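Undergrad: Residues 1 to 517 (full-length UniProt numbering) make up the sequence shown, in order.
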Amino acid sequence: MQSSLSWSGPGKSPVFTIFVSTQLPPSAKFLQAPITETAFDCHPSFPLRIGKWRLNQLGELHFLARFGRPLFWTMLAWDEEGTGLEVLLRDMMGLARMKLIFDNDIYKREHSHTAMLVLLDVLIMIDYEPMGKLVRELEVEMVASHMKTAFSIPQHGRYVISGYPSEPFLAEAATRQDSYFGMARFLMQYLDAGLIDHSRKTEMVVRLLLSGAYMGAVIAEQADEANNQHTDINFSKGCSLLGFLKPYNVASGFTLESAFERAVVRFTHFTKAADCSAITTRSMVASFLRGLAVVRPQNLGAGIDIAIPILLDKDRKISEPSMSGLLIRVQLRDQPGGVDEMGFFPQVSAARQDMRPYMTLVAKVGVEAPRQSPDVNATKSSMGSSVPNVSGVEEDKEDEKDHPRYSIRAYGCTHATWNINVYDSSYYTHILATDDLLANHPRQDATSLDLVHQMLPFWDSKHPARVLGVEQHQVCDDVRPRAAVEVGSYEASMVGLEAEKSSTSGQEVSMMVDESA
Numbered sequence: 001m002q003s004s005l006s007w008s009g010p011g012k013s014p015v016f017t018i019f020v021s022t023q024l025p026p027s028a029k030f031l032q033a034p035i036t037e038t039a040f041d042c043h044p045s046f047p048l049r050i051g052k053w054r055l056n057q058l059g060e061l062h063f064l065a066r067f068g069r070p071l072f073w074t075m076l077a078w079d080e081e082g083t084g085l086e087v088l089l090r091d092m093m094g095l096a097r098m099k100l101i102f103d104n105d106i107y108k109r110e111h112s113h114t115a116m117l118v119l120l121d122v123l124i125m126i127d128y129e130p131m132g133k134l135v136r137e138l139e140v141e142m143v144a145s146h147m148k149t150a151f152s153i154p155q156h157g158r159y160v161i162s163g164y165p166s167e168p169f170l171a172e173a174a175t176r177q178d179s180y181f182g183m184a185r186f187l188m189q190y191l192d193a194g195l196i197d198h199s200r201k202t203e204m205v206v207r208l209l210l211s212g213a214y215m216g217a218v219i220a221e222q223a224d225e226a227n228n229q230h231t232d233i234n235f236s237k238g239c240s241l242l243g244f245l246k247p248y249n250v251a252s253g254f255t256l257e258s259a260f261e262r263a264v265v266r267f268t269h270f271t272k273a274a275d276c277s278a279i280t281t282r283s284m285v286a287s288f289l290r291g292l293a294v295v296r297p298q299n300l301g302a303g304i305d306i307a308i309p310i311l312l313d314k315d316r317k318i319s320e321p322s323m324s325g326l327l328i329r330v331q332l333r334d335q336p337g338g339v340d341e342m343g344f345f346p347q348v349s350a351a352r353q354d355m356r357p358y359m360t361l362v363a364k365v366g367v368e369a370p371r372q373s374p375d376v377n378a379t380k381s382s383m384g385s386s387v388p389n390v391s392g393v394e395e396d397k398e399d400e401k402d403h404p405r406y407s408i409r410a411y412g413c414t415h416a417t418w419n420i421n422v423y424d425s426s427y428y429t430h431i432l433a434t435d436d437l438l439a440n441h442p443r444q445d446a447t448s449l450d451l452v453h454q455m456l457p458f459w460d461s462k463h464p465a466r467v468l469g470v471e472q473h474q475v476c477d478d479v480r481p482r483a484a485v486e487v488g489s490y491e492a493s494m495v496g497l498e499a500e501k502s503s504t505s506g507q508e509v510s511m512m513v514d515e516s517a
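1. So for residue 230, helix, strand or coil by DSSP?
2. If I'm right that residue 178 touches residue 117 with Cβ under 8 angstroms, what's the distance once you round it to whole angstroms?
3. Between the Cα of residue 96 and the Cα atoms of 32, 145 and 275, which residue gives the shortest distance?
4. With DSSP as the reference, label residue 93 as helix, strand or coil.
5. Kindly list the residues whose CB is nearer than 6 angstroms to the CB of residue 292, restricted to its own chain and excluding five residues on each side of it in sequence; keep chain order.
6. Would you call the segment 44-54 and the segment 317-332 in contact, with 3 or more CB pairs under 8 angstroms?
7. Between residue 125 and the rest of its own chain, which residues show a CB-CB distance below 6 angstroms, the 5 nearest in sequence each way excluded?
8. So residue 241 and residue 264 are in contact, right, with Cβ under 8 angstroms, and what is the actual spacing, rounded?
9. To the nearest angstrom, report how far apart residue 273 and residue 295 are at their CA atoms.
10. Pick helix, strand or coil for residue 49, following the three-state DSSP scheme.
11. Using a threshold of 7 angstroms, state whether the C-beta atoms of residue 59 and residue 237 are closer than that.
12. Take the Cβ of residue 78 as the centre, count every other Cβ of all protein chains shown within 10 Å, and call the residue buried at 16 or more, exposed below.
13. With DSSP as the reference, label residue 235 as helix, strand or coil.
14. Within a Cβ cutoff of 8 angstroms, which residues of the same chain sit near residue 325, ignoring the five residues on either side of it in sequence?
15. Is residue 66 helix, strand or coil when you go by DSSP?
16. Going by CA-CA distance only, name the one from 162, 432, 73 and 364 that's closest to residue 189.
17. Residue 175 and residue 260 - do their beta-carbons sit closer together than 7 angstroms?
18. Are the beta-carbon atoms belonging to residue 243 and residue 217 less than 7 angstroms from one another?
19. Taking the C-alpha atoms as reference points, what is the distance between residue 572 and residue 208?
20. Compute the beta-carbon to beta-carbon distance between residue 526 and residue 197, rounded to the nearest angstrom, for a pair I have assumed lies under 8 angstroms.
21. Among the candidates 47, 72, 183 and 64, whose CA atom is the shortest distance from the CA of residue 111?
22. For a test of the three-state rule: what should DSSP assign to residue 325, helix, strand or coil?
23. State the Cα-Cα distance for the pair residue 424 and residue 203, rounded to the nearest angstrom.
24. Below 7 angstroms between beta carbons: does that hold for residue 527 and residue 361?
25. Determine, using beta carbons only, whether residue 151 and residue 161 come nearer to each other than 7 angstroms.
26. Can you find the residues in the same chain that come closer than 8 angstroms, C-beta to C-beta, to residue 413, ignoring five residues on each side of it along the sequence?
27. Which same chain residues end up closer than 8 angstroms to residue 572 when comparing Cβ atoms and leaving out the 5 residues on each side of it in sequence?
28. Return the CA-CA distance between residue 225 and residue 62, expressed in angstroms with no decimal places.
29. May I have the straight-line CA-CA distance separating residue 286 from residue 141, to the nearest angstrom?
30. My understanding is that residue 119 touches residue 100, with C-beta atoms under 8 angstroms, so please give their C-beta distance in whole angstroms.
31. Under the three-state reduction of DSSP, which class applies to residue 388: helix, strand or coil?
32. Distance check for residue 443 and residue 171, CA to CA, integer angstroms please.
33. Note down the Cα distance separating residue 520 from residue 346, rounded to an integer number of angstroms.
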């Protein structure tokens, strides 16, 4: 900016002139980063009181609307007395489905590629390829048009940190929309397109299988009632644990009736744990209230990958003593591994017995079942009742106060194990195909593979034997002729969660509970 003061001549008034530059030097220091902080979990009823709620209340849509952004519960605020509530809730659910897919027609046979990816993301929490340019563009589109939450935008503004946090109402909408489609095909397509992180594909496949098994069990339990009353399936009401675990390829599957006869599972979406404290029975209370399963982030090391909350008695109020869990470890290949004892249940005094059972599942989606599985034995439970030793019931014989543990190994990724339809089997096979060099070599005969191996693309135990003549022990894999659920016991070291300190990562589970009640 410049100025000058001059005289026009004798007897004239002075003229003050200002020259304003139209070009200022660029400065990123003064660029205001977008404000992304918005209201979340701010319903007037929070914090929820432990021991107040029962299972039949949790599936109500107006209860689901309390969580997350205030969009939905504020729509209900004017009609708390119930006048026209059913119609309003139906319209709200339709609105949520339309906003998720960005389409007014929620009954189309197929939606846009972005819409289908959104449904997958809400339900199973997609791990995207972190450096992909297309992923960044998709994130912006999802935030703008598909209900994705922008958590933060860095000062430089080059990308958006976004995700789908735990919003039970939105998860119910996504589940209802997703139940029309076979999502394995879309997961395969997005993986091939480079949108999804290949290193996390196995965990995502297991989450999709678990989600599909849960939806199938809920539909089986609610189908007759929904048809008679002309209502939609409500996936947030949960399903019996035995129905969730029952082998679908057997007319009358052998179930764990003695220990889990009244147990219920309830999850419509997944969220990442911030640390090990999110995988405890105390945290399972909050998880069950929201209808979510907890995923362990990578930086917590080996151990439990997924924890699904279990309510042991469907008629009891939701509180810590009523909770247990299905603890899942994911393995792509048949590989050994072990972790320490986990602190899933709280410490109790010697005078107080806590005999709650829990379940573990080792999902080996990249292998087939052993040629022979262990026999099913009826063992005497430490609870005093005869509990069938199905899917590997393990109980500590030395300490009768230990929690009974029911263990399952699920091999392969077929209808025999997960009740997936025959059309989706090929998609899962494509997704789970190993990424190593030998497996993808176009000529799979032994001679060709051996020649490739001799060129030293990698170094393994066979190379010293070939060069130095050192005798090596032959490493043989078990012959696994089919996929199946294995019954019988296995090593205790296969399960557990190593309690270790770790830096916060991922979306922390919001407790929203009041322990003073």
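Using N, Cα and C, we set each Cβ at its ideal position, and we do this for glycine too.
Remember, predicted model here, so these are calculated numbers, not experimental data.
TA: Walking through what the data contain:
1. coil
2. At roughly 12 angstroms, the Cβ-Cβ gap does not stay under 8 angstroms, so residue 178 and residue 117 are not in contact.
3. 145
4. helix
5. 166, 267, 269 and 271
6. yes
7. 270
8. 6 angstroms
9. 6 angstroms
10. strand
11. yes
12. exposed
13. helix
14. 279, 281, 284, 307, 308, 309, 310, 344, 358 and 359
15. coil
16. 432
17. no
18. yes
19. An answer regarding residue 572 cannot be provided, because it is not within the stretch 1 to 517 covered by the chain.
20. For residue 526 there is no data in the structure shown, the boundaries of the chain being 1 and 517.
21. 183
22. strand
23. 17 angstroms
24. This structure cannot speak to residue 527, because the chain is shown only from 1 to 517.
25. yes
26. 205, 209, 365, 366, 420, 425, 428, 429, 432 and 483
27. Shown here, the chain extends from 1 to 517; a query on residue 572 therefore has no answer.
28. 21 angstroms
29. 31 angstroms
30. 7 angstroms
31. Here the model assigns residue 388 a pLDDT of 29, short of 50, so the residue's position is not dependable, and the following value carries that caveat. Reduced to three states, the DSSP call for residue 388 is strand.
32. 45 angstroms
33. Lying outside 1 to 517, the shown extent of the chain, residue 520 is not represented and no answer is given.
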